[in-house]
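**Q** Quick one: structure below, then a few questions.
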Amino acid sequence: MLSKYFIFLRVFLFSAAVASVRVCKEGNERETHPVLCRMVDKLIEDPESLSLDIYDWAKRHNALLDIDQEASLLIERHLRGTSGGTPVVMAHGMGDSCFNDGMKRVTEHISTLLGGSYSTCIPTGDNQQEDTTNGYFLNMDASVQVFAKKVRSDPALADGFHAMGFSQGNNVIRGYIAKYNDPPVKTFISVNGVNAGEGAVPYCRPSIRHNLSFPSMCDLLMEQASRAAYTSYAQEHSFQANYWRDPRKSEFPTYQEYAQLAKWNNEGVSGVNQTLKENWGKTDKFVWVLAKQDGMVWPKEGEQWGAPDPEDPFGKILPREETSWFKDDLFGLRTAEEAGKNMYESFDGDHLRFSLQDLDGWVQKYFVD
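Throughout the sequence shown, residue numbering follows my numbering, covering 10 to 378 in sequence.
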């Protein structure tokens with residue numbers, strides 16, 4: 010477990026942007042982000058090698074989505090011909106790619122389950138290398154912009170589509186819904202989405218009040234993660250920094266000022282963007298899927314819009330109905346709830362460790378027209 014939170018911090022600090030990558034300035038930026046800046050250098054110097062490193066890391070840590078081919082074929086033969094019609098768009102998680110065999114199989118499997126309905130995985134890069142590195146190194150706003158452009162250039166999606174995201178791929182779809190939603194997402198299935206942000210290094214819970222005489226390793230990692238995330242350079246060049254949501258009250262003003270997630274949630278210093286709420290209302294149904302033993306997303310309840318209690322952030326998790334974004338309906342979540350649009354599913358397992366039967370059940374229940 011200790012290795013996992015060090016790995017998370019390493020990945021978190023590695024993030025940078027590809028499409029508009031800017032080399033770190035000498036001085037403060039390199040001092041604040043020494044690892045991030047070195048990775049930006051490597052991204053420019055040898056992107057292929059960096060992409061392979063990311064792929065290997067994701068494979069070792071079970072971050073690449075795939076399905077059992079034999080079981081898939083049996084199920085497909087049994088369900089072939091099920092009526093569908095509405096296209097389906099997929100978005101992959103961190104370290105994965107639409108060009109990887111696993112995501113291809115998942116996309117094809119869903120198409121078959123829906124009677125041959127058009128299904129596609131939309132990458133944020135034009136090849137496996139770009140798509141893989143962009144999952145770390147292209148910020149959320151930029152990723153959504155690329156996603157929206159590709160959606161709008163696909164004539165098969167012109168009348169709307171269903172969408173399914175995995176892990177941080179849900180941030181891309183959620184961002185598209187909030188910022189564009191034209192053509193509209195009809196039903197959105199969010200599987201283990203980092204919807205409410207990442208509030209702590211995995212498997213590591215710091216104390217509420219720092220004891221400088223006896224600080225813990227978790228206190229150190231939390232401090233470094235927030236310092237790395239809440240800067241202009243990190244927000245410009247890091248997907249993971251964009252959804253870092255430090256739950257401590259002392260850090261909330263900094264989160265509000267810097268984090269892209271704060272703006273999407275209408276928690277930012279610029280106030281409420283009504284367009285985000287209006288676009289949210291254009292989607293007919295939201296399905297929020299929780300992994301009951303999720304050790305990667307904290308709090309796991311954030312996958313269904315729960316959040317740490319600001320008064321006791323590492324001791325109490327608020328259910329969604331008690332969060333400020335629900336009570337104040339900051340981006341449309343409460344309106345969707347009151348309209349009966351929000352559905353909730355869960356499975357026993359860790360992050361993205363759902364079964365093929367789980368996946369098929371969600372698809373059949375929510376995507377069949």
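Just so you know, even glycine gets a beta-carbon here, dropped at the ideal spot from N, CA and C.
(1) Looking at C-beta atoms only, is the number of pairs between the region 136-144 and the region 157-168 that lie closer than 8 Å three or more?
(2) How would you write the range of the alpha helix (DSSP H) that T289 sits in, first residue to last?
(3) Is it the case that the Cβ atoms of P322 and R257 are separated by a distance below 9 Å?
(4) Where P262 and T240 are concerned, what is the direct C-alpha to C-alpha distance, given to the nearest angstrom?
(5) Could you tell me the distance, in whole angstroms, from the CA atom of V115 to the CA atom of D75?
(6) Put L22 into one of helix, strand or coil per three-state DSSP.
(7) Any idea which residues DSSP pairs H360 with across the strands?
(8) Indicate whether K188 and L285 have their beta-carbon atoms separated by less than 9 Å.
(9) Mind the definition here: the region 98-110 touches the region 170-186 only if three or more C-beta pairs lie below 8 Å; say whether that holds.
(10) Determine the DSSP secondary structure at D369, reduced to helix, strand or coil.
(11) Can you tell me whether S60 is buried or exposed, with buried defined as 16 or more other CB within 10 angstroms of its CB?
(12) Flag this pair as touching only if the region 287-307 and the region 346-360 have three or more C-beta atom pairs under 8 Å; answer yes or no.
(13) Any chance the region 329-343 sits against the region 273-290, with 3 or more Cβ pairs inside 8 Å?
(14) Can you give the Cα-Cα distance for R86 and Y127, rounded to whole angstroms?
(15) Is it true that the region 302-313 meets the region 200-209, where meeting means three or more beta-carbon pairs spaced less than 8 Å apart?
(16) CB T133 to CB V155, shorter than 9 Å?
(17) Among all the DSSP beta bridges, which residues are the ones paired with L327?
(18) Please state whether DSSP places T121 in a helix, a strand or coil.
(19) Give me the Cα-Cα distance between Q137 and Y64, rounded to the nearest whole angstrom.
(20) For D303, is the classification buried or exposed, using 16 other Cβ atoms within 10 angstroms of its Cβ as the cut-off for buried?
(21) So H42 and Y242 are supposed to be a Cβ contact under 8 Å. How far apart are they, rounded?
(22) With DSSP as the reference, label L339 as helix, strand or coil.
(23) Using a threshold of 9 Å, state whether the C-beta atoms of V372 and L123 are closer than that.
(24) Measure from the alpha carbon of Y185 to the alpha carbon of each residue in K158, P96 and E260, then state which is nearest.
(25) Here's the rule: buried if 16 or more other CB atoms are within 10 angstroms of the residue's CB, otherwise exposed. What is D55?
(26) Going by the beta-carbon positions, is the gap between Y375 and I119 smaller than 9 Å?
(27) Just to confirm the assignment, what range does the alpha helix (DSSP H) spanning K350 have?
**A** The short version:
(1) no
(2) Residue identity check: residue 289 is Trp in the sequence provided, not Thr. Note, W289: alpha helix (DSSP H), Q283 to W289.
(3) yes
(4) 13 Å
(5) 7 Å
(6) At L22 the pLDDT is 47, less than 50, meaning the model places this residue with poor confidence; the figure from the coordinates comes in the next sentence. In this structure, L22 counts as helix in the three-state DSSP scheme.
(7) In DSSP, H360 forms no bridge with anything.
(8) yes
(9) yes
(10) helix
(11) buried
(12) yes
(13) yes
(14) Note that R86 scores 49 on pLDDT, short of 50, meaning its location in the model is unreliable; the coordinates nonetheless yield the value given after this. Whole-angstrom Cα-Cα distance: 18 Å.
(15) yes
(16) yes
(17) A316
(18) helix
(19) 10 Å
(20) buried
(21) 6 Å
(22) coil
(23) yes
(24) K158
(25) exposed
(26) no
(27) Careful: K350 lies outside any alpha helix (DSSP H) and carries neither H nor E.
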